[in-house]
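Numbering (our numbering), first residue to last: 40 to 567.
All C-beta atoms in this analysis are idealised placements derived from N, C-alpha and C, irrespective of residue type, glycine included.
Keep in mind the model is a prediction, meaning the values are calculated, not measured.
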Amino acid sequence: GMDVVGDLFGSGKMFLPQVVKSARVMKKSVAVLTPYIEEEKKKNPAAQKGGAAKILLATVKGDVHDIGKNIVGVVLGCNGYDIIDLGVMVPTEKILDTAVKENVDIIGLSGLITPSLDEMVSVAHEMKRRNMKQPLLIGGATTSRMHTAVKIAPQYDNGVVHVLDASRSVTVAGSLLSKEQKPEFLNNVKTEYTKLADDFASKKTVKQLLSFAEAQANKTQINWKNYKAPKPSFTGTKAFNDFDLKELVNYIDWQPFFIAWEMHGKFPQILSDEIIGKEATKLYNDANALLKKVIDEKWLKADGVIGFWQANSNGKDTVTLATADNKNVQLEFLRQQSKKASGQPDISLADFIAPAEEAIVDHIGAFAVTIHGIEEHIKRFEQQHDDYNKITLQALADRLAEAFAEKMHEMVRKDLWGYAKEEHFSNDQLIKEEYSGIRPAPGYPACPDHTEKRKLFDLLRATEIAGIQLTESLAMYPAASVCGWYFSHPESKYFGVGKITKDQVTDYAARKQMPVEEVEKWLMPILD
């Protein structure tokens, strides 16, 4: 039965939610049959054959995200493979020791945050040092074919393959486990990746970058003379614990929920799509039924914290804020360095905070929100062999955390900071970010350095107040957590820093009092 499901999924005639539901039926059936099968094995030991190929999956050290990995595990399991899932935050040693002990055929690594890319490079390097032979699969939101080709593949000689999504994982695993197909498949991948790496090396010089000094001279020009900075209703922090989940439902952005299920299309249009509309509607209805249960039975708890502090910039890339105990905290931001058309600035988030020399009392805000309590329900679904509800619940928790961030930001604009009291936006307009002000998150394009998250957490006392932990790679745990800064200036906007040069890195390292090598490690994806 699962062979048929696998074939239909592979040929695009079945969609991921149907596959995972089918797997639920299979797993429950297997659970019923297992005692009888084991009994037969005892009676007839000679009948035992080699069994299915084994695939080990793990989210790398420091990373807590596993929805994608869980989906891949279910899909591969449907195709007859024996899946060993080590979960999240798995150190290299544990991954490789388990691979040897279990004699697995393939190792698959997953990661969502940028520091995980380095972790994957380390795993590949260690596999070579240990002289391992298993092919290595790379997947997850932060990964790409280009990064795999340029950084990971050169570390290991026995096959490194980037896998885009669950449907591709099946064909890739099939090719790698076929004695006939494997040599040619790996050879083709190697040729393709070598070409990608060569293209990358030759393209490096194409995009013109300014020196850091030139970029600073081309900062955003804001007329501060007539600017009246809005004053927040409090300074310091304010806790929002056990926030009513009912209030968050209307702020949910459903599109990423469908993307998690590999169903692509705009929401709500996806529900009436000719091809996937029927299944998308079923999934949407199932998700809403589960969401109702979550809210009615109080499965999950939303905790958050917001803070505001008086702040000014130094006119460059540093923002100094004053805490209640008169300590100054310096926030360091990165600046674009690309050569722009005349009149287009090279932006840094610091541009949107009034410079000290203007003698304006400006402020900066911050927030951290999370959804607690998912673990016991995930465990229960696992015991019930119910991957469908497990994955749906994980995806819903992520959506609720983002909805909480959206709701909090609206409260900030209309009330807590109150600089847009009259605004009235639909959820669609909120998703399109039509509001005034921004909430950029450390690790994202406008402020790609994850290490500034430590300052944000210290200022908010986010671990103490909201119960959010930072891992060694500065991912947040629980996985359904969001944090960021608040900027109120009407000209503040989202942007990507893009590539930066050594002179900015050196300056940034000096400002942060960190060794250049360490800064480079954290900023690897944006270094020119």
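Hey, could you find the ends of the beta strand (DSSP E) residue i is sitting in?
| i | result |
| --- | --- |
| Asn-428 | No beta strand (DSSP E) contains Asn-428, which is instead part of the alpha helix (DSSP H) from 426-450. |
| Val-288 | Per DSSP, Val-288 belongs to no beta strand (DSSP E) and is neither H nor E. |
| Ile-146 | 145-149 |
| Ile-76 | Unbroken run through Ile-76 is the alpha helix (DSSP H), 55-82; no beta strand (DSSP E). |
| Gly-178 | 175-178 |
| Asn-118 | No beta strand (DSSP E) holds Asn-118; DSSP gives it neither H nor E. |
| His-201 | 199-201 |
Is residue i helix, strand or coil by DSSP?
| i | result |
| --- | --- |
| Trp-348 | strand |
| Ala-91 | coil |
| Phe-273 | coil |
| Val-358 | strand |
| Gly-45 | helix |
| Phe-464 | coil |
| Thr-137 | helix |
| Ile-392 | coil |
| Ala-97 | strand |
| Ile-152 | coil |
| Leu-373 | coil |
| Leu-248 | strand |
| Ile-386 | coil |
| Ile-477 | strand |
| Val-555 | helix |
| Val-129 | strand |
| Thr-259 | coil |
| Lys-532 | coil |
| Asn-3 | As shown, the chain starts at 40 and ends at 567. That puts residue 3 outside it, with no answer to give. |
| His-164 | helix |
| Thr-502 | helix |
| Arg-184 | helix |
Pull up the distance between the alpha-carbon of residue i and that of residue j, whole angstroms please.
| i | j | result |
| --- | --- | --- |
| Trp-300 | Phe-54 | 9 angstroms |
| Pro-193 | Val-160 | 9 angstroms |
| Val-288 | Ile-177 | 34 angstroms |
| Thr-545 | Val-555 | 6 angstroms |
| Phe-526 | Ala-92 | 52 angstroms |
| Glu-78 | Asp-121 | 20 angstroms |
| Val-129 | Ala-519 | 19 angstroms |
| Gln-422 | Ile-145 | 26 angstroms |
| Val-34 | Thr-73 | Outside the shown range of the chain (40 to 567) lies residue 34, about which nothing can therefore be said. |
| Leu-215 | Gly-535 | 38 angstroms |
| Ala-163 | Leu-175 | 8 angstroms |
| Gly-412 | Gly-107 | 20 angstroms |
| Ala-389 | Lys-355 | 7 angstroms |
| Leu-498 | Asn-466 | 30 angstroms |
| Leu-432 | Gln-255 | 46 angstroms |
| Leu-225 | Tyr-195 | 12 angstroms |
| Thr-276 | Ala-459 | 21 angstroms |
| Phe-48 | Gly-40 | 13 angstroms |
| Met-171 | Asn-197 | 8 angstroms |
| Trp-293 | Asn-428 | 17 angstroms |
| Ala-205 | Ile-430 | 14 angstroms |
| Val-368 | Ile-417 | 39 angstroms |
| Asp-102 | Asn-83 | 44 angstroms |
Quick one: what's residue i bridged to in DSSP?
| i | result |
| --- | --- |
| His-402 | Gln-349 |
| Ala-459 | For Ala-459, which the question treats as bridged, DSSP gives no partner whatsoever. |
| Tyr-516 | Gln-508 |
| Gly-343 | Phe-279 and Val-408 |
| Asn-367 | Ala-361 |
| Leu-562 | Per DSSP, none; premise fails for Leu-562. |
| Tyr-266 | According to DSSP, Tyr-266 bridges with nothing at all. |
| Tyr-483 | Cys-486 |
Can you tell me where the alpha helix (DSSP H) holding residue i begins and where it ends?
| i | result |
| --- | --- |
| Cys-522 | It is not in any alpha helix (DSSP H) - Cys-522 instead sits in the beta strand (DSSP E) that spans 520-525. |
| Gln-543 | 541-551 |
| Glu-491 | 491-499 |
| Tyr-323 | 316-335 |
| His-416 | 414-422 |
| Asp-238 | 221-242 |
| Ala-380 | No alpha helix (DSSP H) contains Ala-380, which DSSP labels as neither H nor E. |
| Pro-193 | No alpha helix (DSSP H) contains Pro-193, which DSSP labels as neither H nor E. |
| Ser-208 | 205-215 |
| Ile-298 | 294-299 |
With a cut-off of 8 angstroms, does the C-beta of residue i fall near any C-beta of chain B?
| i | result |
| --- | --- |
| Gln-508 | Protein chains in the displayed structure number just one, and chain B is not present. |
The segment 430-444 contacting the segment 327-342, beta-carbon criterion three pairs below 8 angstroms: Yes, they touch.
Three-pair Cβ contact test at 8 angstroms for the segment 149-165 versus the segment 94-101: Yes: the two stretches touch, three or more of their Cβ pairs being nearer than 8 angstroms.
At least 3 beta-carbon pairs within less than 8 angstroms: the segment 394-405 vs the segment 345-353: Touching, yes, given that three or more Cβ pairs across the two stretches are closer than 8 angstroms.
Three CB pairs or more closer than 8 angstroms across the segment 106-114 and the segment 56-69: Three or more Cβ pairs closer than 8 angstroms define a contact, and the segment 106-114 meets that threshold against the segment 56-69.
Segment contact flag, the segment 203-211 with the segment 255-271, C-beta cutoff 8 angstroms, min 3 pairs: Not touching, per the Cβ criterion.
The segment 301-318 touching the segment 262-278, judged by at least three CB pairs closer than 8 angstroms: Contact between the segment 301-318 and the segment 262-278 is absent: fewer than three C-beta pairs spanning the two stretches fall below 8 angstroms.
At least three beta-carbon pairs within less than 8 angstroms, the segment 223-236 to the segment 183-199: Between the segment 223-236 and the segment 183-199 there are three or more C-beta pairs closer than 8 angstroms, enough to call the two in contact.
The segment 272-282 / the segment 334-350 touching (three or more Cβ pairs under 8 angstroms): Taking 8 angstroms as the limit for Cβ pairs, the verdict is that the segment 334-350 does touch the segment 272-282.
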